[in-house]
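Counting along the sequence shown from 1, when you hit position 14 you're at 14 in my numbering, and nothing is skipped either side.
For reference, the structure discussed in these notes is given below.
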Amino acid sequence: MNKKITVYYAKDADEAARIQAVLQANGIEAEEKSLGEHVYHDIYGGNGAYGREIQVEEEKEAQARAAINAWCSGKETTEKSRNLSGKILIAVAVLLVIILLFLR
């Protein structure tokens, strides 16, 4: 059994889901654990006040922290997002050229 390491403390379920999505996009499996809550509270009480832990396998810790830090600082976290940014930039440039040609 692999040891799990906490790599992030999310304030609520929404933030935890976003972090898990970032990790998943980088090929890292993560688990979410509620802090100080009981099962009935998660089901009936909403997000709760204690937050959530995001845990990964010990050997993926460095990769997970790097992906989370990049995401938190607004950088692209995967090659796919870099490619998408480039495509959007090209589309905007083409659209700008078309608009300028019609304004002549």
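Using N, Cα and C, we set each Cβ at its ideal position, and we do this for glycine too.
If you compare the alpha carbons of N2, L35, K4, R52 with that of R18, the shortest gap goes to R52.
The Cβ atoms of I28 and K60 sit closer than 8 Å to each other.
The closest CA to that of C72, considering only A10, L35, I5, is found on A10. V7 is a Cβ neighbour of R65, given a cutoff of 8 Å.
The DSSP-derived three-state label of I98 is helix. Boundaries of the alpha helix (DSSP H) harbouring I68: 61-72, taken from the DSSP string.
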